[in-house]
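Step one of this worksheet: look at the structure below.
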Amino acid sequence: MKPIFPATYSTLCPDALSALISDKYDIEVIQCKLLVRGVGDTYLVESGDDRFILRIYRCSHRSLAQIKEEVLILQTLKHAGVSVSYPILDVSGQAILSIEAVEGLRH
Numbered sequence: 002m003k004p005i006f007p008a009t010y011s012t013l014c015p016d017a018l019s020a021l022i023s024d025k026y027d028i029e030v031i032q033c034k035l036l037v038r039g040v041g042d043t044y045l046v047e048s049g050d051d052r053f054i055l056r057i058y059r060c061s062h063r064s065l066a067q068i069k070e071e072v073l074i075l076q077t078l079k080h081a082g083v084s085v086s087y088p089i090l091d092v093s094g095q096a097i098l099s100i101e102a103v104e105g106l107r108h
């Protein structure tokens, strides 16, 4: 078998993300669609009447520590009553998922 050619930025498969989200959040994902590629990828996730935004950073853009700080800031703002987009915890209580992509670990 030939080794996989290295990449610096890949597009994750929406169908595979749907399965991962269904498993990690215990919801039925009807559709997962790429909306924007940029600093990271932004996906629209639909489950019945519910709609969510999934953000996945490039592995080279922000460290896990920086992402954790961003999550903490968003949670603090939400708890203070500020209207912000905030992370939703998965079934294990985690706000950040890690995905092993072709180019490395993404969050």
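Count along the sequence shown from 1, add 1, and you get the number used in the working numbering. No residue lacks a Cβ here, since even glycine has one placed at the ideal position from N, Cα and C.
| Check | Outcome |
| --- | --- |
| CA-to-CA distance, glycine 41 to lysine 79, given in whole angstroms | 23 Å |
| The alpha helix (DSSP H) enclosing tyrosine 26, as first and last residue numbers | 15 to 26 |
| Beta-carbon proximity list for glycine 105, same chain, < 7 Å, skipping 5 on both sides | Cys60 |
| Proximity below 8 Å, CB of histidine 108 to CB of isoleucine 74 | no |
| Residue of Ile31, Thr77, Leu36 minimising C-alpha distance to leucine 13 | Leu36 |
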